[in-house]
Amino acid sequence: EFEAMVSALYEFEYEEQEVSGFISGPFTDRFRGRLAASHREVNGHIENATLSTDDPDRVEKMARAWLEFDVNDNLTVSLKAEIGEFDVDGRQIEIVNELPVPGAPSPTNPFGGRTYSEILFALGQGSSVLNNTADYVRSSNGDFSDNNTDEYVLQADWQLGENTLTLINSYSKYDFSELCDCDFTGGNVFSVIMDEEFDQTSHEIRLTSPTGNKLEYILGGYYETSDLEFRDTIQVAANSVLVPLLNS
Numbered sequence: 496e497f498e499a500m501v502s503a504l505y506e507f508e509y510e511e512q513e514v515s516g517f518i519s520g521p522f523t524d525r526f527r528g529r530l531a532a533s534h535r536e537v538n539g540h541i542e543n544a545t546l547s548t549d550d551p552d553r554v555e556k557m558a559r560a561w562l563e564f565d566v567n568d569n570l571t572v573s574l575k576a577e578i579g580e581f582d583v584d585g586r587q588i589e590i591v592n593e594l595p596v597p598g599a600p601s602p603t604n605p606f607g608g609r610t611y612s613e614i615l616f617a618l619g620q621g622s623s624v625l626n627n628t629a630d631y632v633r634s635s636n637g638d639f640s641d642n643n644t645d646e647y648v649l650q651a652d653w654q655l656g657e658n659t660l661t662l663i664n665s666y667s668k669y670d671f672s673e674l675c676d677c678d679f680t681g682g683n684v685f686s687v688i689m690d691e692e693f694d695q696t697s698h699e700i701r702l703t704s705p706t707g708n709k710l711e712y713i714l715g716g717y718y719e720t721s722d723l724e725f726r727d728t729i730q731v732a733a734n735s736v737l738v739p740l741l742n743s
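Just so we're aligned, residue 496 is where the sequence shown starts under the working numbering, counting upward by one.
This is the structure we're talking about:
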């Protein structure tokens with residue numbers, strides 16, 4: 496039967512907005528389908544004192560489609576597909592309860608008695624690095640995470656007398672790239688760039704007996720291949736506070 500739905504949401508404090516919906520039903524007596532999608536955005540709840548932004552800022556998108564076709568009275572073929580995207584700018588991370596470097600300042604221990612944020616400030620970094628209390632204010636040069644997913648499933652169900660022969664072919668994929676300001680302050684220290692790609696293919700064949708008999712069985716086979724690539728790089732800018740320390 497035909498059915499459809501749309502919903503919308505708006506939240507005023509963080510300007511969250513979401514729209515989602517679906518449409519489903521038959522095209523013909525033998526052909527039917529369903530489409531669903533959603534879109535969501537929400538602004539951050541933590542102030543980034545270094546960049547004067549609100550972190551984290553999120554955008555989520557998703558779409559899913561399903562089609563099913565009765566080739567004849569004994570054979571049904573279906574296809575499912577889903578794509579998604581999830582992107583975030585910023586993090587919900589604060590530095591709190593910093594402990595100072597042990598010992599008093601000395602030629603051999605110039606940072607003694609100072610916290611990490613105090614050391615960064617003494618090295619010329621902005622005052623935002625000094626915030627180390629749990630107050631929904633953070634210090635960062637910026638972070639992001641971009642993620643994409645794809646899922647596809649092709650399935651055929653064939654009635655062979657009282658038995659059912661099922662064939663399933665699947666493909667799954669995701670990739671993401673991230674920038675981490677991994678000293679977690681607005682100081683110019685270092686960052687880490689990461690990216691990952693994954694894909695997987697599987698094939699399944701299955702013969703299933705009817706239920707309710709004294710003997711029930713499932714016979715089948717499954718084959719899967721997958722590949723994962725991951726890369727990360729530590730980045731130290733030419734004007735990073737680490738450069739004179741590394742060269743000394």
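Even for Gly, the Cβ is constructed at its ideal location relative to N, Cα and C.
Grab the span of the beta strand (DSSP E) containing residue i for me, first residue to last.
| i | result |
| --- | --- |
| residue 513 | 511-521 |
| residue 530 | 526-537 |
| residue 691 | 686-703 |
| residue 502 | 498-506 |
| residue 725 | 713-730 |
| residue 543 | 541-543 |
Candidates the options: which alpha carbon is nearest residue i's?
| i | options | result |
| --- | --- | --- |
| residue 723 | 688, 679, 581, 668 | 668 |
| residue 641 | 584, 509, 725 | 584 |
| residue 596 | 550, 607, 526 | 607 |
| residue 718 | 705, 700, 580, 673 | 700 |
| residue 545 | 566, 623, 603, 503 | 623 |
| residue 731 | 692, 702, 678 | 678 |
| residue 744 | 676, 538, 691, 619 | The question about residue 744 has no answer here: the residues shown for the chain are numbered 496 through 743. |
| residue 574 | 637, 666, 628, 603 | 666 |
| residue 619 | 691, 683, 558 | 683 |
| residue 738 | 609, 551, 547, 685 | 685 |
| residue 548 | 615, 637, 741, 628 | 637 |
| residue 728 | 741, 742, 672, 681 | 672 |
| residue 693 | 725, 710, 702 | 725 |
| residue 627 | 593, 615, 646, 519 | 593 |
| residue 582 | 591, 572, 633, 556 | 556 |
| residue 520 | 509, 499, 503 | 499 |
Can you give the Cα-Cα distance for residue i and residue j, rounded to whole angstroms?
| i | j | result |
| --- | --- | --- |
| residue 563 | residue 659 | 17 Å |
| residue 664 | residue 721 | 14 Å |
| residue 569 | residue 505 | 47 Å |
| residue 643 | residue 707 | 44 Å |
| residue 554 | residue 507 | 17 Å |
| residue 560 | residue 497 | 15 Å |
| residue 522 | residue 531 | 16 Å |
| residue 625 | residue 698 | 56 Å |
| residue 576 | residue 528 | 12 Å |
| residue 558 | residue 526 | 20 Å |
| residue 714 | residue 661 | 10 Å |
| residue 702 | residue 565 | 19 Å |
| residue 541 | residue 681 | 14 Å |
| residue 674 | residue 734 | 19 Å |
| residue 629 | residue 687 | 25 Å |
| residue 614 | residue 605 | 10 Å |
| residue 657 | residue 648 | 25 Å |
| residue 705 | residue 509 | 54 Å |
| residue 631 | residue 501 | 35 Å |
| residue 533 | residue 552 | 17 Å |
| residue 741 | residue 616 | 18 Å |
If you measure from the CB of residue i, is any heavy atom of the ligand HEM nearer than 7 Å?
| i | result |
| --- | --- |
| residue 565 | With respect to small molecules bound, the structure shown includes none, and the ligand HEM cannot be examined in it. |
Answer yes or no: does any C-beta atom of chain B fall closer than 8 Å to that of residue i?
| i | result |
| --- | --- |
| residue 603 | The structure shown has no chain B; it contains just one protein chain. |
May I ask which residues mark the beginning and end of the alpha helix (DSSP H) holding residue i?
| i | result |
| --- | --- |
| residue 738 | 737-742 |
| residue 612 | 611-617 |
### Message
Suppose only complete runs of 3+ residues qualify. What are the beta strand (DSSP E) ranges in the stretch 633-665, listed by chain order?
### Response
639-655
### Message
Is it the case that the stretch 534-551 contacts the stretch 511-525, given that we only count it when at least three CB pairs across the two stretches are under 8 Å?
### Response
yes
### Query
Are the stretch 599-617 and the stretch 648-658 touching, with three or more C-beta to C-beta distances below 8 Å?
no
### 3-residue-minimum beta strand (DSSP E) runs that sit fully inside the stretch 549-607, ordered along the chain
552-565, 570-584
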